[in-house]
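Using this note's numbering, read the sequence shown as starting at 14 and increasing by one per residue. Glycine is no exception: its CB is placed at the ideal position from the N, C-alpha and C atoms.
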Amino acid sequence: TMSTTVTMRSHRISCRRLRTTAFVALTWVWVGSSFSAWSSPADTASTPPDKKPLPAYAEAPPLEGDGWKSLFDGKSLDGWTVVDFAGAGAVKIQEASIHCEMGAMLTGVNLTATNSLPRTNYEVVVDAKKVNGSDFFCGFTFPVEDACCSLIVGGWGGGVVGISCLDGDDASMNETTKFREFEYNHWYRFRVRVTKEKLECWIGKEKFVNVDLKDRRISVRPGEIEYSQPFGLAAWQTTAAFRNIQLRRLD
């Protein structure tokens with residue numbers, strides 16, 4: 014009886030050992046296969062998840078129509094002058110763009126040959142990007158008949174877009190006011206069209222200004238931005254860059 018009991022106990026211990034050995038072996042097989050999968054070249058070379066598609070305003074559509082004339086040669090400031098804003102940052106040509114360093118307030122440039130500049134029935138395109146800072150990286154001032162106004166992009170803390178001014182109201186408080194998010198170091202394309210009847214503006218593929226000019230009072234916002242008249246580009250407490258500045262007549 015004692016011998017039978019010992020034999021049965023030995024048999025149970027052997028079974029337990031076999032089950033334990035089998036479990037450990039299966040565990041190592043699973044760990045090894047998982048490790049191989051994690052470290053396999055196919056996995057490390059896998060493509061990252063697709064990026065989110067760009068919003069319409071962040072795309073740069075090709076120029077429409079004929080007769081475009083470049084206003085910036087991409088190599089020098091010929092035809093432009095640096096505006097003497099108080100506390101302005103440095104302006105230089107960098108990577109085929111007009112690079113405006115952040116200043117105490119405004120930093121920018123003006124087109125010098127403005128005598129032949131059309132004041133209506135024209136279109137302008139400019140590409141701009143925000144390099145550093147948190148306010149407007151594109152303050153584009155342009156003529157509308159006998160007056161001027163400014164397209165402000167990224168103002169009032171970085172997100173306001175609009176025209177300054179319509180009937181005395183600036184870009185933050187008239188019907189053109191929009192809010193958009195602008196990435197650093199991304200080139201955005203802005204297009205302005207001025208006719209006798211309308212003022213229209215696009216950011217990328219998105220049209221966001223469509224103003225009937227009849228009985229409207231057009232002006233720039235009071236302050237140093239007035240020095241950007243009649244045709245200038247400026248940034249407020251922000252490092253910005255401008256390129257691909259082109260104009261065409263609609264006559």
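query, result
"CA-CA distance, THR113 and ARG204?", "As written in the sequence, residue 113 is Cys, which differs from the Thr given in the question. Rounded to whole angstroms, CYS113 to ARG204 spans 20 angstroms at the Cα level."
"In this structure, what does DSSP give as the bridge partners for TYR197?", "LYS143"
"Let's see if you can read the secondary structure: which residues bound the beta strand (DSSP E) around ILE216?", "211-216"
"Locate the beta strand (DSSP E) running through GLN250, then write down its first and last residues.", "Looking at the DSSP string, GLN250 is not in any beta strand (DSSP E), and its letter there is neither H nor E."
"When the Cα atoms are used, what is the spatial distance from ARG132 to PRO156?", "5 angstroms"
"Return the CA-CA distance between THR94 and VAL122, expressed in angstroms with no decimal places.", "5 angstroms"
"Out of curiosity, what's the CA-to-CA distance linking GLY181 and ASP86?", "35 angstroms"
"Helix, strand or coil: how does DSSP classify SER232 here?", "coil"
"So, under 8 angstroms CB-CB, PHE244 and THR127 are touching, yes? Tell me the CB distance rounded to an integer number of Å.", "6 angstroms"
"For GLU237, I'd like the list of residues in its chain whose CB is within less than 6 angstroms of its CB, leaving aside the five on either flank, ordered along the chain.", "PHE98 and LEU119"
"Using 9 angstroms as the threshold, is the C-beta distance between ARG229 and SER163 below it?", "no"
"My assumption, with CB atoms under 8 angstroms, is that GLY313 sits in contact with ARG206. Please give the rounded CB distance.", "Any question about residue 313 goes unanswered here, given that the chain covers just 14 to 264."
"Please classify GLY100 as buried or exposed, where buried requires at least 16 other C-beta atoms within 10 Å of its C-beta.", "exposed"
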